[in-house]
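To start, the structure itself, in structure tokens.
Protein chains in written order, with my numbering: chain A, 35 to 464; chain B, 35 to 464.
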């Protein structure tokens, strides 16, 4: 079965992930050839700085002209590990136009413009794979797209950003505040010098968009995803969560609405019960919990980032793309036939944990409870703590629409007896 | 893209899983057609008792002549959910010969004779898929075969039998003995009237054989798998595990040897640390932990049995097989190129927890320690408890070959001061 002609593969980008991909292609060449049915030939590696030392990367393959590389016309697969929107979008579409399948780890591009890329791939009869774009090494896109292709997914609940999970886990295990935990994450290399993309939820929102589109067979872009970061999570929130038997986790949540006619996608910190499988996900690990009608509750767990784990996902896609090239076929592509619209955050129905600073005098609870009732938000439990004329009131609600909760909070702020709303956090996974 | 001709699918068996498969094919017809690119037409359902009432199953499709059904010659895919070796093997090979791909949930057959079935499928240019054969709804075979196709798996450690996990979990949470926990499992429908296949490890051994073959790109049959059941696990073992910060779990363990030249596969009860992700798998849930060189530590978790979860896995395979039929191609099949041999249990290297009943007099520990040293089995910790002239000695070893441990235990039994070996249990997952 072994075909003599090798499969020509080009690499765009050779940073942490690209170097690891190159290393595996080189050192595991025999295994990859046996699994594909033909050897891989590295045809070129596009980099910005060709003179940088890259151990194990053949220097003669380096080029700064990525466009010329993807235009060669003899490539079977292009692996893109540069990241960002442009020039990558143009490079990928040019690769398609020249007959190459593409394996990408680019969550930002897929979340912004996946639909048009998929259409281009179909137009040119090639594959577009991107397992590495969500949750690093964890097989997730292929299981959702293929293993669950005969099932109906109703909810995806995931810890898809290792940096924020590390920070929240540190806050939980040490009692540290946000800044202190962020400093530790930075020192250990879990957070970048500018942590905005992680801590403000942009990274998780891109992944949520990709997961929602695949899970519900529709199209969701990052602009459709409601996004809140973790910068305002306090040690008090974490302690309050513990009192409820919960942990605070940064979650990406994609849900089908109760009537099945729309979907929602959001990322925000939330409390989840300690008994939930996601609660045991510590440090920088990722995990994604999937609820499907027939399958029930599934969870996928593993390292969500890093050179080698991301390379593992890229290589899996590369083997698939190469096999398809050999068989002159393509794999399962985009499935967006449901065309389900994405509802706004106000339509999301969930539970809330609200912490209020209130005057410590009689009648405050009655006033607060009246405001909740006026907005049809039903209260599950209330905890009152008072000292020195000041008090805090922690209210946990039953399930209510996000819009109703927002309106409730606006009204609460107008009460003379409410001195401030210390925190609002959703309660998920019950 | 929608082709007019429907894909003809026949079902062999219509019990708990088959009824659920039929229900989904019927009620989710539009979704399945959109995902496949053509509608599914149920061409026939072979059953033993056609007069049994099966809600939602079209009576005119039922036949008792399974062989005639698979010989029709116009079938695209045959779904086999009968189980057992014969007549199923003959039915499946006949289906291949008549051009049909096969989706099977049959772990016993795949573990006994997967290689020849795969060869037959290749010979006739059709697919053989069996995601449902291992760990029910959990996507596992496709992730191992495809997502990790560019990685090197070194170890698979799984809870793949829900019945035994339920029993051990009950023993742990209630302090019950084995018989009492088994009775509860039977009453709740988690154990069959004859629980032998589950509690003696035959079911888990079949799954271990399948997983080992796929993970290491070689061939492993159920006869290669070392098998010990849970019938001798006592409440004392569970309590002793807890003292070490461990739980007792029934594990399927597939490992590549340190030199990479052979593999081992085994199922037996073992102690694992409470901090291990598998420790949080309660009740009848399944989970499989995979260690790969680039990916690191992955875990897949979900319901391991039941009609609907198993049907979810069958339907995922059915969609894949139908897509391939439409594209006139086949998916990734067997990969057994490494031809790694399976080493015997004696070559397995792991840690041991040994509980001895000994005479409560001076010098016993020295005698026992000498026996361990003579067999080159290094002791990690010893715990001594004595009362009324009798004592127990709990020894936990460092890593040692299984053969050395067996020889040690034989020698210990010959000591006058050792009244009995109360239990031997391996310690895994560290």
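Just so it is clear, CB atoms sit at the ideal spot from N, CA and C, and this is done for glycine as well.
Given the structure is predicted, the values throughout are model-derived calculations rather than measurements.
If we ignore side chains and look at the alpha-carbon of each, how far apart do residue i and residue j end up?
i	j	result
residue 77(A)	residue 139(A)	19 Å
residue 456(A)	residue 390(A)	5 Å
residue 399(B)	residue 409(B)	16 Å
residue 39(B)	residue 137(B)	21 Å
residue 435(A)	residue 407(A)	13 Å
residue 148(A)	residue 402(A)	46 Å
residue 41(A)	residue 287(B)	35 Å
residue 458(A)	residue 218(B)	43 Å
residue 330(B)	residue 119(A)	29 Å
residue 307(B)	residue 384(B)	14 Å
residue 187(B)	residue 433(B)	21 Å
residue 100(B)	residue 125(B)	7 Å
residue 302(A)	residue 351(A)	30 Å
residue 285(A)	residue 66(A)	36 Å
residue 121(B)	residue 128(B)	11 Å
residue 310(B)	residue 107(B)	50 Å
Using DSSP's beta-bridge definition, name the partner residues of residue i.
i	result
residue 320(B)	336(B)
residue 280(B)	307(B)
residue 391(A)	426(A), 454(A)
residue 435(A)	383(A)
residue 78(A)	44(A)
residue 172(B)	Paired residue(s): none; residue 172(B) is not in a bridge.
residue 88(A)	In DSSP, residue 88(A) forms no bridge with anything.
residue 152(B)	Paired residues: none, contrary to the question.
residue 135(B)	111(B)
residue 459(A)	387(A)
residue 421(A)	424(A)
Report the CB separation of residue i from residue j in whole angstroms; it is logged as a contact under 8 Å.
i	j	result
residue 376(B)	residue 426(B)	Incorrect: roughly 36 Å between the Cβ atoms, too far for contact.
residue 439(B)	residue 411(B)	6 Å
residue 155(A)	residue 161(A)	6 Å
residue 104(B)	residue 55(B)	At roughly 17 Å, the Cβ-Cβ gap does not stay under 8 Å, so residue 104(B) and residue 55(B) are not in contact.
residue 258(A)	residue 243(A)	6 Å
residue 356(A)	residue 64(A)	Rounded, the Cβ-Cβ distance is 15 Å, inconsistent with contact.
residue 193(A)	residue 283(A)	6 Å
With 16 other CB atoms within 10 Å as the buried threshold, where does residue i fall?
i	result
residue 447(B)	exposed
residue 333(B)	buried
residue 52(B)	buried
residue 335(B)	buried
residue 206(A)	buried
residue 358(A)	buried
residue 212(B)	buried
residue 89(B)	exposed
residue 179(B)	buried
residue 251(A)	buried
residue 462(B)	buried
residue 431(A)	buried
residue 37(B)	Model confidence at residue 37(B) stands at a pLDDT of 49, short of 50, so the residue's coordinates are unreliable; what they give is reported in the following sentence. By the neighbour-count rule (16 or more Cβ atoms within 10 Å), residue 37(B) is not buried but exposed.
Only counting the same chain, and skipping five residues up and downstream in sequence, which positions put a Cβ closer than 8 Å to that of residue i?
i	result
residue 318(B)	196, 197, 199, 200, 224, 337, 338, 339
residue 174(B)	165, 168, 245, 322, 334
residue 233(B)	197, 198, 201, 216, 225, 263, 264, 265
residue 253(B)	148, 149, 247, 370, 373
residue 326(B)	182, 185, 186, 187, 188, 332
Whose C-beta lies closer than 7 Å to the C-beta of residue i among residues of the same chain, with five residues either side of it excluded?
i	result
residue 58(A)	345, 349
residue 419(A)	425, 426
residue 152(B)	162, 367, 368
residue 48(B)	56, 79, 81, 88, 91
residue 69(B)	353
residue 256(B)	145, 146, 239, 240, 243
residue 328(A)	185
residue 131(A)	158
Return the chain-ordered list of same chain residues with a C-beta closer than 6 Å to the C-beta of residue i, the five sequence neighbours on each side being excluded.
i	result
residue 316(A)	203
residue 45(B)	52, 79, 113
residue 237(A)	195, 231
residue 96(A)	79, 81, 84
residue 170(B)	337, 338, 339, 343, 344
residue 298(A)	289, 377, 382
residue 74(A)	41, 43, 59, 66
Strictly under 8 Å for the Cβ-Cβ distance: is residue i near chain E by that measure?
i	result
residue 336(B)	The structure shown contains no chain E; its protein chains are A and B.
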